[in-house]
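Numbering (my numbering), first residue to last: 305 to 451.
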């Protein structure tokens with residue numbers, strides 16, 4: 305690998321370009337390991353819904369900075385594949401609460417383990433916990449900035 309250039313980013317590229325590259329490569333890794341499930345990076349939606357039961361489509365739009373249309377397509381695919389279910393929100397019948405199904409819950413441990421394996425392979429260790437927490441704070445600030 306050339307030290308000066310790695311997948312269209314260079315030493316002088318902005319920090320966010322490196323973060324984006326890291327994210328894309330993690331998605332590629334996960335997709336290659338989950339290719340039998342035909343989920344690709346849609347696993348992130350399953351994980352979010354699993355970790356935030358009764359969340360809404362708007363929550364996903366905000367979290368992943370995707371259009372409502374794109375999120376709706378992904379949710380339809382996940383629902384048709386029986387990974388998630390949508391139920392009307394009793395407080396607002398025009399909105400749905402999202403939860404994982406039994407099938408969705410069964411793959412969560414596999415996805416978490418693959419993610420941990422990837423982190424280990426790329427060199428993320430327990431000593432990086434403070435740094436990871438700081439990145440999460442920055443990400444939350446970015447979400448708030450564009451809300």
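Note that beta-carbon positions come from the ideal geometry of N, C-alpha and C, so glycine has one too.
Contact between residue 418 and residue 337 holds, with the beta-carbon distance rounding to 5 Å and staying under 8 Å. Residue 357 and residue 404 have their alpha carbons spaced roughly 8 Å apart.
Closest by C-alpha distance to residue 408, out of 384, 394, 397, 431, is 384.
Put simply, the backbone Cα of residue 372 is about 9 Å away from that of residue 366. Apart from sequence neighbours up to five positions away, no residue of its chain approaches residue 428 with a beta-carbon distance below 7 Å. In this structure, the beta-carbon distance from residue 361 to residue 400 falls below 8 Å.
When 439, 416, 382 are compared, the shortest CA-CA separation from residue 343 is found for 382. Its chain contains 343, 382, 387, 388, 404, 408, 411, 412, 415 as the residues whose beta carbon lies nearer than 8 Å to that of residue 350, once the 5 sequence neighbours on both sides are disregarded; these appear in chain order.
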